[in-house]
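What the sequence shown shows, in this note's numbering, is residues 958 to 1284, in sequence order. Think of the CB as a built atom: it goes at the ideal place given N, C-alpha and C, for glycine as much as any other residue. Source: prediction; values computed, not measured.
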Amino acid sequence: MAASSRCKAMVLLAFAAAAALSTASLAQSPLQNNFYGSSCPQAEATVRNVTEGIIAKDRTMGAAFVRLFFHDCFVRGCDASILLDPTSSNPQVEKKAIALRGYDAVNKIKAAVESVCPGVVSCADILAFAARDSAVVSGGFSSFDMPSGRRDGVLSNFFDVLQNIPSPILKLQDLIKNFAAKGLNVDDLVTLSGAHSFGQAHCSFFNGRLYTTVDPTMDATYAAALKTVCPAPGSNGGDPVVNNSRVTDPNVLSNQYYSNLVTGKVLFVSDQQLMNSSYTAAKAANSSADAAAWMGQFAAALVKMGGIQVLTGTAGQVRKYCNVIKS
């Protein structure tokens, strides 16, 4: 068997395993595969087509969609509360707490779905589908089922973000506790951290590793390159943005993150903390060595994350516009 054929077979086996895990977890989940099969058969294809088009025009958007999904699920559960705009009665919404990209892109996807199935598909499910499709487009993943049936929340609170989103300076035990509070385990923590293989970050999120002295766990050459872009705090140099991975293509979701991690070429304290226990370090090494296995694990973990505190049935609502509550 040719090397390329073996690689493809390994990827397919990994996704078959991920699908089996997803099916097993689905038995306890209020979500279901092909939820819109009768009510809006075109839903997932519409999201996929628009998402692919958006990423084709701007390759940075794959990471933006995945990050939006993560932030949405970790704050109030996967209820699209991250998408709500401030109002006179609620000026302090989640999106005011941290600068994220992709809101207009989600609105574009929603408009396309509304044009084929008005009032049927939730913004929460659109976020989930777009994150899945981003992994396919930006990471070369085989497509995988993303269970759906989520409904949209009506609450959004700035302070919920501060209490729930893991800080980039968290130590390992605190990261584990943060994920455990969401029903995710250590394996999920290490696996989902691979999303830092793509996307961007402001220097302020990791400048403490560069100044006043360089963190000894960071590769010295890598640190020196970062310091050419990131000014010292208080120097009036602003807060530039750098790619999460300065080692490879910053717009590709891949297991390269783990190779960067084991060589000290990652940005955040929370990234490097994964090397501070023999278990997480070994899992990182395994993920670095076996791309197909990591891809299958990432798909399963993304599905699992998508089940956090979901609203289903008659709870919540289905918004017509993702940035405003339906009155």
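Beta-carbon spacing of residue i, residue j below 8 Å
{"i": "L1127", "j": "N1280", "result": "no"}
{"i": "T1017", "j": "Q1157", "result": "yes"}
{"i": "S1202", "j": "Y1214", "result": "yes"}
{"i": "V1275", "j": "G1097", "result": "no"}
{"i": "F1026", "j": "A1085", "result": "yes"}
{"i": "I1083", "j": "I1066", "result": "yes"}
{"i": "A1037", "j": "C997", "result": "no"}
{"i": "P987", "j": "T1174", "result": "no"}
{"i": "D1145", "j": "A1258", "result": "yes"}
{"i": "I1177", "j": "V1171", "result": "What sits at residue 1177 in the sequence shown is Ala, not Ile. Yes, these two residues count as a Cβ contact at 8 Å."}
{"i": "V1032", "j": "I1133", "result": "no"}
{"i": "V1063", "j": "G1273", "result": "no"}
{"i": "F1101", "j": "A1256", "result": "yes"}
{"i": "Y993", "j": "V1118", "result": "no"}
{"i": "D1196", "j": "S1161", "result": "yes"}
{"i": "F1115", "j": "K1053", "result": "yes"}
Cβ-Cβ separation, residue j to residue i (assumed contact under 8 Å), whole Å
{"i": "H1153", "j": "D1090", "result": "That belief does not hold up - the Cβ atoms of H1153 and D1090 are roughly 20 Å apart, past 8 Å."}
{"i": "F1225", "j": "F1136", "result": "No, F1225 and F1136 are not in contact; Cβ-Cβ is about 15 Å, not under 8 Å."}
{"i": "L1141", "j": "L1167", "result": "About 30 Å separates the two Cβ atoms, so there is no contact after all."}
{"i": "H1159", "j": "V1198", "result": "6 Å"}
{"i": "T1237", "j": "V1143", "result": "7 Å"}
Residue closest to residue i, alpha-carbon to alpha-carbon, out of the options
{"i": "W1251", "options": "S1211, P1207 and L1268", "result": "S1211"}
{"i": "N1217", "options": "S1245, L1112, N1233 and G1195", "result": "S1245"}
{"i": "E1051", "options": "K1067, C1030, R1276 and I1066", "result": "C1030"}
{"i": "N1208", "options": "S986, S1161 and V1094", "result": "V1094"}
{"i": "T1034", "options": "A1180, D1015 and S1113", "result": "As written in the sequence, residue 1034 is Gly, which differs from the Thr given in the question. Of the listed residues, the one whose Cα sits closest to G1034 is S1113."}
{"i": "T1205", "options": "K1222, A1068 and Q1254", "result": "K1222"}
{"i": "S1099", "options": "Y1278, S1284, K1277 and A1249", "result": "A1249"}
{"i": "A1068", "options": "K1283, S1284, I1282 and Y1278", "result": "Y1278"}
{"i": "N990", "options": "S1284, T1271 and M1103", "result": "M1103"}
{"i": "G1191", "options": "Y1179, N1200 and G1165", "result": "G1165"}
{"i": "R1024", "options": "D1247, A1013 and I1039", "result": "I1039"}
{"i": "I1282", "options": "T1271, P1043, G1253 and A1189", "result": "P1043"}
{"i": "A1138", "options": "E1009, Q1120 and Y1179", "result": "Q1120"}
{"i": "F1155", "options": "N1200, I1011, E1009 and N1047", "result": "N1200"}
Endpoints, beta strand (DSSP E) assigned at residue i
{"i": "V1198", "result": "V1198 to N1200"}
{"i": "A1158", "result": "Q1157 to H1159"}
Run of the alpha helix (DSSP H) containing residue i, from where it starts to where it stops
{"i": "N1121", "result": "F1115 to N1121"}
{"i": "N1243", "result": "S1235 to A1246"}
{"i": "I1055", "result": "Careful: I1055 lies outside any alpha helix (DSSP H) and carries neither H nor E."}
{"i": "T952", "result": "Given a span of 958 to 1284 for the chain in the structure shown, any question on residue 952 remains unanswerable."}
{"i": "R1107", "result": "Per DSSP, R1107 belongs to no alpha helix (DSSP H) and is neither H nor E."}
{"i": "M1018", "result": "M1018 to R1033"}
{"i": "D1082", "result": "C1080 to G1096"}
{"i": "V1007", "result": "A1000 to K1014"}
{"i": "A1306", "result": "No answer is possible for residue 1306: the residues shown for the chain start at 958 and end at 1284."}
{"i": "Y1060", "result": "Y1060 to V1073"}
{"i": "D1228", "result": "V1226 to Q1229"}
{"i": "K1134", "result": "L1129 to A1137"}
{"i": "Y1215", "result": "Q1213 to V1219"}
Stretch-stretch touch, CB-based, cutoff 8 Å, three pairs: the segment 1103-1122 with the segment 1263-1278: Yes: the two stretches touch, three or more of their Cβ pairs being nearer than 8 Å.
Segment contact, 8 Å Cβ cut-off, at least three pairs: the segment 1134-1153 with the segment 1230-1242: Touching, per the Cβ criterion.
Stretch pair the segment 1047-1059 + the segment 1068-1078: three plus CB contacts closer than 8 Å: No, the segment 1047-1059 does not touch the segment 1068-1078.
Given 8 Å, three or more beta-carbon pairs between the segment 997-1006 and the segment 1076-1093: With a cut-off of 8 Å, the segment 1076-1093 and the segment 997-1006 count as touching, because enough Cβ pairs lie within range.
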